[in-house]
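Residue numbers (UniProt numbering), protein chains in the order written: chain S, 1 to 525; chain W, 1 to 525.
Glycine included, every Cβ here is placed at the ideal spot set by N, Cα and C.
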């Protein structure tokens with residue numbers, strides 16, 4: 001690895017005095033680093049880079065972290081699927097609402113479609129008032145606007161907006177006069193019995209990319225001309241001045257804001273600019289209207305369309321004035337959707353990791369008992385489930401010995417208390433809340449507690465368990481027992497302990513780890 | 001005036017087939033204009049430009065509209081007051097909460113401070129839980145985040161964020177890892193008995209402008225380097241890639257995003273860039289820390305600070321761990337605040353316009369009666385008020401003859417029905433809802449109605465009123481009367497009519513127009 005910039009390297013020091021291990025926030029300020037910061041010594045080996053700094057600080061990096069591929073926020077054209085209508089000849093991306101709710105994999109697929117293709121269609125969302133808010137809240141927060149928390153798209157007697165008539169509407173983005181513009185829009189169909197009123201979507205990033213290809217100068221004009229958008233009625237006067245095509249500092253398309261209806265008078269441009277702007281604007285408008293770019297479909301009751309309002313243009317055909325067509329819509333934001341997707345992916349990776357532990361190391365010996373570690377934990381989980389325990393306690397029973405992985409059980413049997421209950425609870429704390437981790441943290445203490453308060457309990461311990469009891473500190477004294485009993489998770493820990501003790505039966509059939517995945521996923525969500 | 005670009009000119013055609021008169025939305029699409037659009041004839045005179053277009057359309061412009069100064073959305077450094085701490089030696093901009101609520105002028109001043117200086121301080125906001133939400137809702141919408149609808153800033157046992165400890169926090173903007181970032185922040189002090197814990201504000205636009213002055217290349221580096229911000233805990237994984245200093249296409253400072261704690265590893269930059277970025281970043285950080293830039297003050301219970309999170313950096317000094325310090329905060333957005341301010345200004349202008357009418361034309365003759373038009377309307381308003389009428393009806397009584405302004409009364413007395421009730425209602429519809437305008441629209445009909453259903457009423461009419469009754473159509477027939485009585489505003493119109501009839505007493509003292517301004521302002525809000 002080349003020597004990187006010293007401030008860059010130091011700013012990324014992962015040590016716990018530089019970064020909060022809980023959330024990765026930096027604990028120092030950039031100006032606190034000395035003006036003459038330099039590397040005093042460096043040592044690189046075994047995938048680790050160790051640096052002693054001129055100010056005495058010591059950093060240890062994993063080389064893989066420093067060399068990782070650049071991540072971005074997923075908001076530019078990079079990594080997205082820019083599409084034309086024909087790309088969806090085999091159907092629109094989406095899922096059934098019930099499957100979306102039940103299965104984290106379906107949820108991730110839907111959110112991922114919004115990120116990659118700019119939209120997804122949920123089917124079977126109950127066609128009831130305000131249900132669109134529940135869809136938005138499944139991945140983020142509702143953005144209230146002057147139209148309310150939600151808005152009704154139907155023919156209104158005295159419409160304040162063309163949307164609330166039966167007229168055709170050309171492809172556009174919503175609320176261009178807002179800054180911050182709502183980055184996501186949801187449209188939920190309650191009724192659609194009118195003739196006409198079909199929906200259309202156009203990939204604005206694709207249209208912008210075509211403009212860049214066919215007429216780079218027009219593209220440049222649209223990225224550099226601030227366009228004043230305005231909306232004015234009795235209750236609002238909203239203004240935003242933004243280019244029609246927003247690019248990031250590297251020139252990548254990041255936002256399309258296209259709404260013919262709300263463009264105010266462009267003033268104060270240099271002399272030739274209005275002509276150049278209008279030529280480019282008209283050329284871009286013509287591209288958005290190419291039939292090949294426009295995906296047309298019909299929303300049916302229960303359909304809920306979720307789309308990126310910084311990228312997709314939406315449209316509708318005219319419909320009969322008297323026909324019954326009623327959509328409810330609301331706005332939300334992409335950042336929360338990306339966060340929800342990242343959590344789902346993180347959870348899937350965590351479950352894969354746990355499943356891998358059960359299949360790998362878990363197949364090994366369990367402290368001299370006649371079952372493997374995986375069998376032991378699966379039995380404990382199954383016992384908790386059979387006893388009707390709440391999900392968090394089933395999870396705790398299933399995962400209670402995760403702290404034994406990576407060879408710690410061997411240490412325990414060699415007479416060293418490895419504090420595996422704490423190791424396991426801490427490791428699981430990345431993914432689960434205290435309702436899961438605290439009974440695990442206390443499950444060794446629960447054994448010591450039960451030996452004190454229930455003499456018959458101790459008599460029933462296996463030989464290995466009696467041995468480890470001694471390594472772990474023996475039965476509690478009265479003060480310890482009273483303190484234990486006062487802990488909020490004590491009862492759960494005692495219940496877990498009893499399943500733990502019974503989960504050592506050879507040749508017992510248990511459900512596989514996969515059986516528990518939905519339960520674990522729900523606790524992570 | 002030079003001949004402007006034809007598409008620019010046509011796009012701004014104000015005719016009602018090009019623009020919806022209710023909200024100014026355009027009713028045509030830019031691509032619908034012909035490719036060879038040209039001016040066929042033009043005629044400019046008396047401040048009007050009339051254009052006949054090559055496609056046969058005709059546009060009439062007021063020259064002043066075309067020549068108006070450019071407006072922007074008020075979000076860049078342009079027109080703002082970039083400040084240093086000493087600029088507030090005479091006190092912080094703000095108002096008492098009670099005055100803010102009662103007086104639109106105070107409200108406008110507070111919101112205007114947030115726009116110009118980036119902040120304002122409301123005092124005397126009840127130091128109660130959730131009150132901060134009421135402050136946000138007084139000018140906009142609460143933006144919910146992963147921290148909830150609101151968040152508590154106090155020492156927490158297991159903090160997920162440095163904010164929830166007693167540590168000092170250097171100047172920063174909030175939620176840099178969100179895109180869209182919340183553009184406004186509110187902090188409401190419930191308790192502050194701790195030693196330390198003082199608040200600090202730094203004008204980030206000022207700091208950025210200083211960097212541009214002192215080191216233009218560093219400024220350029222910070223505007224063009226996308227910086228990855230990240231926040232990751234058990235419930236969220238948020239990412240935004242944005243430069244530390246955002247500029248608009250004209251290069252004006254538009255957004256500062258500065259938060260040392262949340263900057264992730266910058267990767268994928270060209271070789272020399274990390275060094276250039278860190279040098280610029282450190283120089284900018286040093287500027288934000290200059291003591292002269294930092295405004296320091298202490299929040300007291302009941303204080304609520306409202307500030308622009310795209311401009312101001314906020315900070316706090318450390319405080320005693322055990323001291324009681326409790327703030328509640330929430331986020332909101334600048335676009336709604338600007339809208340609220342525009343409405344207040346529009347309302348003030350409307351009230352000035354009405355007050356001017358009363359003082360000017362209103363001093364003239366009123367249909368041959370012994371009072372002026374202004375005296376007549378003020379008497380009607382005062383009668384309604386004395387009768388304990390609800391505010392909307394007092395307003396309707398006060399304004400019921402606005403349709404007579406601009407000489408229409410003269411026409412009526414010349415025997416032509418000028419439909420002044422409709423003219424007035426339409427004119428007032430820009431500012432008031434139907435509860436005010438509809439009784440006005442019906443107040444002439446109410447006279448015709450009363451003449452039919454109450455013979456004694458007609459006998460009491462003044463001579464002038466009896467004359468205009470004939471011009472207006474005479475008493476209603478039975479069908480007309482039944483239709484009138486069924487109108488939702490009929491009762492209000494009848495009540496208004498009776499005050500109208502009694503408001504013709506010479507030498508009666510009435511409150512001036514100014515007396516009614518707060519009532520009118522409240523109905524406009």
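Query                                                                                                                              : Result
Within 9 Å of chain W by C-beta, residues of the stretch 292 to 311 of chain S in sequence order                                   : none
Backbone secondary structure at residue 50(W) - three-state DSSP                                                                   : strand
Buried or exposed by the 16-neighbour rule on C-beta atoms within 10 Å, applied to residue 94(W)                                   : buried
Short CB-CB distance (under 8 Å) between residue 509(W) and chain S                                                                : no
Contact with chain W by residue 8(S), beta-carbon distance below 8 Å                                                               : yes
Beta-carbon proximity check, residue 123(W) vs residue 329(W), cutoff 8 Å                                                          : no
Close-in-space but distant-in-sequence residues of the same chain around residue 1(S) (CB under 6 Å, 5 per side omitted)           : Low confidence applies to residue 1(S): its pLDDT is 45, below 50, so where it sits in the model is not reliable enough to give any reading.
Cut-off 7 Å between Cβ atoms - residues of its own chain near residue 117(S), not counting five sequence neighbours on either side : 81, 83 and 93
CB contact below 8 Å: residue 230(W) versus chain S                                                                                : yes
Cβ of residue 233(W) within 8 Å of any chain S Cβ                                                                                  : yes
Residue environment, residue 144(S), which counts as buried when at least 16 other CB atoms sit within 10 Å                        : buried
CB of residue 444(W) within 8 Å of CB of residue 481(W), strictly                                                                  : no
Contacting residues, own chain, Cβ-Cβ under 8 Å from residue 514(S) (five flanking each side not counted)                          : 355
Residue 47(S) to residue 239(W) span [Cα, whole Å]                                                                                 : 27 Å
Which of helix, strand or coil DSSP assigns to residue 14(S)                                                                       : coil
Neighbouring residues, chain S, relative to residue 466(W) (Cβ below 7 Å)                                                          : Neighbours of residue 466(W) on chain S: none; closest Cβ ~36 Å, over 7 Å.
Rounded straight-line distance, which links the Cα of residue 362(S) to that of residue 294(W)                                     : 58 Å
Burial state of residue 509(W) (16 or more Cβ within 10 Å)                                                                         : exposed
Opening and closing residue of the beta strand (DSSP E) in which residue 314(W) lies                                               : 312 to 316
Option nearest residue 9(W) by Cα separation, candidates 150(W), 50(W) and 21(W)                                                   : 50(W)
Residue 331(W) in three-state terms, based on DSSP                                                                                 : strand
Local conformation of residue 408(W) per DSSP, three classes                                                                       : Here the model assigns residue 408(W) a pLDDT of 49, short of 50, so the residue's position is not dependable, and the following value carries that caveat. In the structure shown, residue 408(W) sits in a helix (DSSP, three-state: H, G or I).
Nearest-angstrom Cα separation, counted from residue 115(S) out to residue 396(W)                                                  : 53 Å
Beta-carbon neighbours of residue 30(S), restricted to chain W and to distances below 7 Å                                          : 260, 281, 282 and 285
For residue 62(S), the residue or residues it bridges with in DSSP                                                                 : 48(S)
Partner residues on chain W for residue 26(S), Cβ-Cβ distance less than 8 Å                                                        : 260, 261, 262 and 263
Buried or exposed by the 16-neighbour rule on C-beta atoms within 10 Å, applied to residue 308(S)                                  : buried
Where residue 127(S) sits in the DSSP three-state scheme                                                                           : coil
8 Å Cβ cutoff, residue 338(W) in contact with chain S                                                                              : yes
Given 8 Å, three or more beta-carbon pairs between the stretch 220 to 228 of chain S and the stretch 280 to 288 of chain S         : yes
Proximity winner among 460(W), 69(W), 193(W) and 517(W), relative to residue 321(W) (alpha-carbon distances)                       : 193(W)
Cα-Cα separation between residue 68(W) and residue 267(S), rounded to whole angstroms                                              : 8 Å
Enclosing beta strand (DSSP E) for residue 306(S) [first to last residue]                                                          : 304 to 308
C-beta atoms of residue 287(S) and residue 211(S) nearer than 8 Å                                                                  : yes
Contact between the stretch 489 to 499 of chain W and the stretch 338 to 357 of chain W (3+ Cβ pairs under 8 Å)                    : no
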